[in-house]
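**Student:** Please find one structure pasted underneath; my questions will follow.
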Amino acid sequence: MRLVVDSPAVRHVEQTWPEFGRDPRHLRFGLASDGKVKNIDIYLEPLVEELQHLWTGVDDVYDGRTERIGRDRWFKIKGVLLWTMHDYPGFAQVLGFQTSRYAACPTCGPALPMARSSHMSKQVYMSYFTYLPLDDPLRGTGAERNTMEPPIPLDMNWWA
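Structure representation (structure tokens):
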């Protein structure tokens, strides 16, 4: 990817909402957070409200450059948040996933099969063989055979 317009996220937005992609003046945002921030939800709540307002469009925005292009100077601007960039602890805060302790796998989510081992004094994840092919000898045989399918990645549109 050399330019932002080459990214799969931009192509997805333009295919899903073609009216958004027609006007190059519409905004595409990225959100970056650096590490864990105390009470980040206080800052994110008004940001989400502003982004929702911007998605529906803001009327009467003046563009001084459009006179030579032949477009209207006044237009309705829209914006969409395409990316969030953060480290792994920031992932937990921004998206609300658990990244430590119980059910810490962002792919499996809360459906992750695990148990507490009193002998080892830690969590044990029981289905680690699910990522192997079904005919792999390491999956076991008979009653101990693990026939679970690998987890489907969580839908990242869970907040919509």
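Oh and the sequence shown: position 72 is 72 in the UniProt record's numbering, straight run, nothing missing. We put the CB at the ideal spot given by N, CA and C, even for glycine.
(1) With a threshold of 8 angstroms on Cβ separation, who are the neighbours of D6 within its own chain once the five nearest residues in sequence on each side are excluded?
(2) So, using beta-carbon positions, are G57 and I77 closer together than 9 angstroms?
(3) Does G90 pass the burial test, meaning 16 or more other C-beta atoms within 10 Å, or should it be called exposed?
(4) Is it buried or exposed, H119, if we count other Cβ atoms within 10 angstroms and call 16 or more buried?
(5) Could you spell out where the beta strand (DSSP E) holding L31 opens and where it closes?
(6) Over what stretch of residues does the alpha helix (DSSP H) that includes G21 continue unbroken?
(7) I'd like to confirm the pairing. Which residues does DSSP put opposite G79 in its beta bridges?
(8) Going by Cα to Cα distance, which pick from W55, Q123, R116 and D34 is closest to L27?
(9) Could you have a look at R65 and say whether DSSP puts it in helix, strand or coil?
(10) As a quick exercise: from D23, V94 and R22, pick the residue whose alpha carbon is nearest that of D41.
(11) Look up R116 in the DSSP assignment and say whether it is helix, strand or coil.
(12) Can you list, in chain order, the residues of its chain whose CB lies under 6 angstroms from that of D60, leaving out five sequence neighbours each side?
(13) Taking the alpha-carbon of W83 as reference, which of L31, P18 and Y43 has the nearest alpha-carbon?
**Tutor:** Checking against the coordinates, here is how it stands:
(1) none
(2) yes
(3) buried
(4) exposed
(5) L27 to A32
(6) P18 to R22
(7) L27
(8) W55
(9) coil
(10) V94
(11) strand
(12) W74
(13) L31
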